[in-house]
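See structure below.
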């Protein structure tokens, strides 16, 4: 055979090979649809929400504060969310030990003191659960959803405990509380734990809504806001007004509902509302990355 003979394939064979589909590379740079979907979901769940655009769920948190606080105060005159009063009440109980003449000190632990202690300790437990969010990411959608679901579970358990207790919903006087048995103590503790968790979650977002439970600071800042009387939208002022208004409306609605259907049913409704709040975190816009400066 002559050395000048070409061994290349004929043109027709080259055209047939070119028409064949190019095989998918096994390189990790290529992302198939079923590979990118879980990754996209994970990135969405671990992305941080924009706290300044979280007005609706945070206002709903304040609404829940008024709702649940009205349930406990109507029955035993103890705020399950406002622990300042409970701490002072325990201090008064301790001071009572030194009251009266020698040998006639009041050493009894009154039922109101027991309820205040129950609320305070379980509130701290709920706030301690917030450390889970610090590990996951306090502003991530995953934690905001899971944390709110945990609040709903605490509220649901409180409703069941109160229903099984058979106790009333409204106290006649401070001296005769409506809740006295062990099941109502469990109910109070579960409600307080839910509020403790809500408080630290609201605090970590660091907005004008503050902790969404103790709004005394919000009232003070609202009254001293330099743009309090500005006839236009001012976020720092308007968000504070939304917070205190939501708490007020929540307390009003709770008191009206529990008067009609009782506290267990009222807490059941609260559980459903908290599930809706948990789902709402998926619709809050994410935080935008800061724009990089152009090189000079």
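In full-length UniProt numbering, the protein residues as written are 1 to 296.
Where is the CB? At the ideal position from N, CA and C, for every residue including glycine.
Computed from a predicted model, the values in this text were never measured in an experiment.
At 4 residues or longer, and completely inside the region 133 to 190: list those alpha helix (DSSP H) runs for me, N to C. Restricting attention to alpha helix (DSSP H) runs no shorter than 4 residues, the region 133 to 190 encloses them at 141 to 165, ordered along the chain.
Closer than 6 angstroms by C-beta to residue 149: which residues in its own chain qualify, once you throw out the five before and the five after it? Chain order, please. Taken in chain order, the residues that qualify are 278.
If you draw a straight line from the C-alpha of residue 35 to the C-alpha of residue 208, how long is it? At residue 35 the pLDDT is 44, less than 50, meaning the model places this residue with poor confidence and gives no usable figure here.
Rounded to the nearest angstrom, how far is the Cβ of residue 244 from that of residue 218, given a contact under 8 angstroms? With a Cβ gap of about 6 angstroms, residue 244 and residue 218 count as contacting.
Entirely within the region 222 to 269 and at least 4 residues each: give me those alpha helix (DSSP H) ranges in chain order. Counting whole runs of 4 or more residues, the region 222 to 269 contains the alpha helix (DSSP H) stretches 235 to 261.
Just verifying my parser: in three-state terms, what is the DSSP assignment at residue 49? Assignment of residue 49 by DSSP, reduced to helix, strand and coil, places it in the strand class.
Please state whether the Cβ-Cβ distance between residue 188 and residue 151 is less than 7 angstroms. No. Outside cutoff.
With which residues is residue 286 paired in a DSSP beta bridge? DSSP lists 49 as the beta-bridge partner residues of residue 286.
What are the boundary residues of the alpha helix (DSSP H) that includes residue 309? Residue coverage of the chain in this structure runs from 1 to 296, which leaves residue 309 outside it and unanswerable.
By the DSSP assignment, the alpha helix (DSSP H) with residue 57 in it spans what residues? Start and end: 55 to 76.
For residue 88, does the three-state DSSP call read helix, strand or coil? Three-state DSSP puts residue 88 in a helix.
Measure the beta-carbon distance from residue 250 to residue 63 and round it to whole angstroms, keeping in mind my assumption that it falls under 8 angstroms. Contact flag correct, Cβ pair sits at about 4 angstroms.
Given residue 145, which residues of its chain have a CB within under 6 angstroms of its CB, disregarding the five upstream and five downstream residues? Within the same chain, residue 145 has close Cβ partners 278, 281.
Excluding sequence positions up to five away, which residues of its chain have a Cβ less than 8 angstroms from the Cβ of residue 155? Same-chain partners within the cutoff: 68, 190, 191, 194, 267, 270, 271, 274.
Could you compute how far the alpha carbon of residue 86 sits from the alpha carbon of residue 65? Each residue's alpha carbon lies about 16 angstroms from the other.
Using the rule of at least 16 other Cβ atoms within 10 Å of the residue's Cβ for burial, across every protein chain shown, is residue 288 buried or exposed? Under this definition residue 288 is an exposed residue.
Taking DSSP as the reference, what is the three-state secondary structure of residue 123? The answer is helix: DSSP assigns residue 123 an H, G or I state.
If you measure between the beta carbons of residue 176 and residue 119, is that distance less than 7 angstroms? Not closer than 7 angstroms, so no.
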